[in-house]
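Chemist: Pasting a structure here, questions to come.
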Amino acid sequence: MDFDRLPELGHVLSVDQFDRPFLDKICDVTQEIRELRDKPDGKRLLKEQFADRTAMLYFTQPSSRTYTSFAVACQELGVSIVDVRDPHTSSEVKEESLLDSIRTFSSYVDVLIMRSPVEGLARDAAAYLDATPRPRPIVNAGNAKDEHPTQALLDIYTMRRSFKDRGGVDGKTVAFVGDLARSRVVRSLAKLMYHYYDMQLLLVSPPEFRMKPDILAHLDQHRVRYEETADFNGAVRQADVVYMTRVQDEHDAADGTRSPRSFPEFHFTQEHLGILRPEAIVMHPGPRRDELDPATDDDPRSKYWRQMRNGKHLREAVIACILATLQRKRNERRR
Amino acid sequence: MDFDRLPELGHVLSVDQFDRPFLDKICDVTQEIRELRDKPDGKRLLKEQFADRTAMLYFTQPSSRTYTSFAVACQELGVSIVDVRDPHTSSEVKEESLLDSIRTFSSYVDVLIMRSPVEGLARDAAAYLDATPRPRPIVNAGNAKDEHPTQALLDIYTMRRSFKDRGGVDGKTVAFVGDLARSRVVRSLAKLMYHYYDMQLLLVSPPEFRMKPDILAHLDQHRVRYEETADFNGAVRQADVVYMTRVQDEHDAADGTRSPRSFPEFHFTQEHLGILRPEAIVMHPGPRRDELDPATDDDPRSKYWRQMRNGKHLREAVIACILATLQRKRNERRR
Amino acid sequence: MDFDRLPELGHVLSVDQFDRPFLDKICDVTQEIRELRDKPDGKRLLKEQFADRTAMLYFTQPSSRTYTSFAVACQELGVSIVDVRDPHTSSEVKEESLLDSIRTFSSYVDVLIMRSPVEGLARDAAAYLDATPRPRPIVNAGNAKDEHPTQALLDIYTMRRSFKDRGGVDGKTVAFVGDLARSRVVRSLAKLMYHYYDMQLLLVSPPEFRMKPDILAHLDQHRVRYEETADFNGAVRQADVVYMTRVQDEHDAADGTRSPRSFPEFHFTQEHLGILRPEAIVMHPGPRRDELDPATDDDPRSKYWRQMRNGKHLREAVIACILATLQRKRNERRR
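Line order of the protein sequences matches chains G, L and S. Residues 98 to 432 (this note's numbering) are what the first sequence spells out, left to right. Residues 98 to 432 (this note's numbering) are what the second sequence spells out, left to right. Residues 98 to 432 (this note's numbering) are what the third sequence spells out, left to right.
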């Protein structure tokens, strides 16, 4: 693969910035990196690409798979990492402003990967840094309730790969199930659906956790067909993709609600494997609770473990594109 | 040294899996790695061996020397590391099951090194991963009260090196001193003694912290001679190895006991150096409290600092064997 | 640049150990490393210098810029890092003595970089290790209230660079502003001033936070001219360097005081830019609060962001000197 010809990429802040050509291209790059890694010496070749680069992983919101997949993705590309995972270990305890802290970190590294409970922090940080003499690309690795763009990308990649012999993502019926009101994963992914032809969404949730009006308006505006329903079995029968989600009860306090641990009427179990279409797939962004029975793990249509591994592949592609873009700019300045 | 011919090694879960040929071989590999490192360019050569590999250090139980020695051992072999040291920074706070978390981490790395307060977690994780399509080797780096196999290996290596001109470990008298009931180090090491000829154990403890019946039964079954005693001075006079241990009072709450900080009648002090045999050695797995007087540090028979450094050497050998085994399997699949 | 000819450097414990030739030399090395990094392949060349070395970052006191700059500096030189940032993850919870912990860490690495709330810990650790058979260089990265030598060095480097066309640091008037009693940065930097010709210090603080008598005595003894004043505007008009500092209220509890968040009469704002001399500079070690208005960030005389980035450059030079010294000793032993 040719690292000089990777697509241009700066900040990754929101799914709103992606168009269909980019979505197609980033999936291609992900696939190329995977294939390169499986070749003899492929992993060593990857590791030499960006061996002079450093990334800050600023993860002040708990995370297992996002943190680990980004950390490993960076290191597989040779990128050194420095991390902040506990805000109490940083100068924020000395009442430094958040944006000063972020400018500080950005000063020492090439790219900042941020996950924070603060609404809009990645976006604000990007705008702030862009106004300084030393801007740095920022990757939003999950921000409060609003966005999780790299998760949406890895979900798209997982669908495209799973349906590679059936025309990719286009024309599929996707059932989103669970806490649709607060799942930033579902919100982000739903907003990408209009880039694909002839999609149909089934929004399966308890009444109190229906998809929020802003997303429904977005779907309406872009003429994506959707149906809100509580008929879980019907949705499972009909869907190409059953996308399960966890109750996001970490937001209960802020929302003034008190959610159950899960909704038993929307648990995906072995029985549902019987009504699921043979060519359909089951996805889950993880972590799961009771909404997805581990007894379904071994079914070939269960793609959630693969989806999780795709997180590393996709994030590696994202970082490669960002650093290749920096490299081109650096070379241009030298000319 | 020839990395292609390292001994086969998968999970490292318990001392029960080691036999004498393995014990001898892993000590040889440890020694070879040490000698290679001291050659010009030896450290660089080591660093190139596994530069395309990644290890997860999952350390949710506090640790200084085990964590640091594993982390440095990995890096000296070129292995990238990602760590989880505070379970609150991971998805466990979102009530993910422990085994799901571990499968998640294992998905992104080549080997998992685990230290946990959860009884049997390394073993359960290994069994769980072995039942998935993508098993990963697991190294038990200390699990609750039960096992600490790499510590036992480094202790064996330390004895063998110390007695290299006196026939190695065979035929020695080892005095274990202190909280024998709860020291997983002592428990693990005692279970290895039967692999050596003509060993004699002196089990020196206060009555309430005697060696547990399961270990005594193990010694009986394998015909290892042992004597339980409270005569510390007599044991020091007789022993080839005086193996001191700390009171494991972190287990007091679970045990419903309330231990003293140390047992003054079993403190090893400068006076004991006078009655210790000239060719004997003193060991301690660390961290120490009052049971081992720092004033004895400079005596040439005090091997506990060297023992600690051996931890890195031995763990480097263990990781090298595991990764070389993975490499051979990968090469076989490619053929 | 020639890494074999870097100046000799062992422990970095206190500004008291630096003389003028060293100060000049470490600034030169810093500059050379910066220039090397900007050359094509310069970053890769740096990364190969010490690829067989490991550093421990022992940071049990919160820090953003010091930690990150050291971590990145190490990695840019190819040095692997292992860190301890939360003492609760280490054996200190098992009541190991601090010096035993530090000897433990030092056993696995080539250099120890320490930041601790414990008064004099870096100095004590260095003395302790020097008395063992395996001493290791220690870098004091900020110790309680007393010292912060690498910060003082980067401040010197920042002044020298800023005044490179005006004779460097010599002959300048430096206004230190704020909590002069407890800023270890100011204390360390003030003690370096006598190495430069014809310096004048303006010590601007509220009465309760005046510079401590030990520093004033040091200035008197070395005949450094200084003036204590509360006339902030006058100082700004006169100074070549306005060095702003934050109220160090983390020491309030220990001191039995209760400080305000900042002193409004000593806030540097846009209005002060109007009276600041055209060739003067504004510095701040960070993190800032209200004492330094972000609206002044874009003025070319505001050097505090550059100063912060210089932290990485300078620390890279310090580590390079230390490791080159180790390398020379190793080579001598081999001869």
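Where is the CB? At the ideal position from N, CA and C, for every residue including glycine. No experiment lies behind these values; they were computed from the predicted model shown.
Report the CB separation of Phe100(S) from Gln172(S) in whole angstroms; it is logged as a contact under 8 angstroms.
Modeler: Not a contact, Cβ separation roughly 17 angstroms.
Chemist: If we count the other Cβ atoms within 10 Å of its Cβ and call it buried at 16 or more, is His323(G) buried or exposed?
Modeler: It should be pointed out that residue 323(G) corresponds to Tyr in this sequence rather than to His. So Tyr323(G) ends up on the buried side.
Chemist: Report the residue from Met290(L), Phe329(L), Thr326(L) and Val338(L) whose alpha carbon sits nearest the alpha carbon of His319(L).
Modeler: Met290(L)
Chemist: Please report the distance separating the alpha-carbon of Arg231(G) from that of Asp295(G).
Modeler: 43 angstroms
Chemist: Give the interface partners of Met380(L) over in chain S, defined as CB-CB distance under 9 angstroms, in chain order.
Modeler: Chain S residues near Met380(L): none, gap ~15 angstroms exceeds 9 angstroms.
Chemist: Helix, strand or coil for Gly139(L)? Go by DSSP, reduced to three states.
Modeler: helix
Chemist: Taking only three categories from DSSP, how would you classify Arg281(L)?
Modeler: helix
Chemist: Could I get the ranges of all uninterrupted beta strand (DSSP E) runs contained in the region 299-346 of chain G, with 3 residues as the minimum, in chain order?
Modeler: 322-326 and 338-341
Chemist: By the 7 angstroms beta-carbon criterion, what residues does the region 145-162 of chain G contribute toward chain S?
Modeler: Ala148, Asp149 and Thr151
Chemist: Would you kindly work out how many angstroms separate the C-alpha atoms of Ala336(G) and Asp183(L), rounded to a whole number?
Modeler: If I take the Cα positions, the gap works out to 39 angstroms.
Chemist: Helix, strand or coil: how does DSSP classify Ser161(L) here?
Modeler: coil
Chemist: Need the endpoints of the beta strand (DSSP E) that Gly239(L) sits in, please.
Modeler: Ile235 to Asn240
Chemist: Using a cut-off of 9 angstroms between C-beta atoms, extract the partners of Phe202(S) located in chain L.
Modeler: Ser161, Arg162 and Thr165
Chemist: Given Trp402(L), which residues of its chain have a CB within under 8 angstroms of its CB, disregarding the five upstream and five downstream residues?
Modeler: Asp394
Chemist: Note down, one range per segment and in chain order, each alpha helix (DSSP H) of at least 4 residues found wholly within the region 202-279 of chain L.
Modeler: 218-227 and 246-259
Chemist: Under DSSP, the beta strand (DSSP E) around Leu154(S) begins and ends at which residues?
Modeler: That run of the beta strand (DSSP E) goes Thr151 to Phe156.
Chemist: On the DSSP letters alone, give me the boundaries of the alpha helix (DSSP H) that Met296(L) sits inside.
Modeler: No alpha helix (DSSP H) contains Met296(L), which DSSP labels as neither H nor E.
Chemist: For Met308(S) and Asn428(G), what's the separation of their Cα atoms in angstroms?
Modeler: Spanning the two alpha carbons is a distance of roughly 49 angstroms.
Chemist: So, does the region 350-365 of chain G touch the region 119-129 of chain G, judging by three or more C-beta pairs under 8 angstroms?
Modeler: no
Chemist: Under 9 angstroms, CB to CB, which of the residues in the region 236-264 of chain S have a partner in chain L?
Modeler: Of all residues in the region 236-264 of chain S, none is placed with a Cβ closer than 9 angstroms to any Cβ belonging to chain L.
Chemist: Using CA atoms only, rank isn't needed, just tell me which of Gly217(L), Arg263(L), Arg150(L) and Ser359(L) is closest to Leu195(L).
Modeler: Gly217(L)
Chemist: Going by the beta-carbon positions, is the gap between Phe329(S) and Glu362(S) smaller than 9 angstroms?
Modeler: yes
Chemist: Where does Ala222(S) land, buried or exposed, given buried means 16+ other C-beta within 10 angstroms?
Modeler: buried
Chemist: Can you give me, in chain order, the residues of the region 201-222 of chain L that have a beta carbon less than 8 angstroms from any beta carbon in chain G?
Modeler: Thr201, Phe202, Ser204, Tyr205 and Val206
Chemist: Using three-state DSSP, classify Asp180(G) as helix, strand or coil.
Modeler: Of the three classes helix, strand and coil, the one that applies to Asp180(G) here is strand, per DSSP.
Chemist: Drop a sphere of 10 angstroms on the beta-carbon of Asp135(L), count the other beta-carbons inside from all chains shown, and report buried for 16 or more, exposed for fewer.
Modeler: So Asp135(L) counts as exposed.
Chemist: With a threshold of 7 angstroms on Cβ separation, who are the neighbours of Phe119(L) within its own chain once the five nearest residues in sequence on each side are excluded?
Modeler: Pro104
Chemist: Any beta carbon of chain S sitting closer than 9 angstroms to that of Asp57(L)?
Modeler: Since the displayed chain L opens at 98 and closes at 432, residue 57(L) lies outside it and no answer follows.
Chemist: Could you pull the start and end residues of the alpha helix (DSSP H) that Met438(S) belongs to?
Modeler: With chain S running from 98 to 432 in the structure shown, residue 438(S) is simply not present.
Chemist: Give the DSSP bridge partners of Phe365(G), in chain order.
Modeler: According to DSSP, which records beta bridges pairwise, Phe365(G) is partnered with Leu389(G).
Chemist: Just tell me which of Val236(S), Leu209(S), Ala272(S) and His108(S) has its CA closest to the CA of Val301(S).
Modeler: Ala272(S)
Chemist: Are Pro246(L) and Val112(L) closer than 9 angstroms when you measure CB to CB?
Modeler: yes
Chemist: Quick check: Arg284(L) and Ile312(L), are their CB atoms within less than 9 angstroms of each other?
Modeler: yes
Chemist: Which residues of chain S have a Cβ atom closer than 7 angstroms to the Cβ of Met405(L), listed in chain order?
Modeler: Thr201 and Ser204
Chemist: Quick one: Cα of Gly45(G) to Cα of Phe360(G), how far?
Modeler: In the structure displayed, chain G extends from 98 to 432; residue 45(G) sits before or after that span and is not available.
Chemist: Determine, using beta carbons only, whether Ala168(L) comes closer than 9 angstroms to chain S.
Modeler: yes
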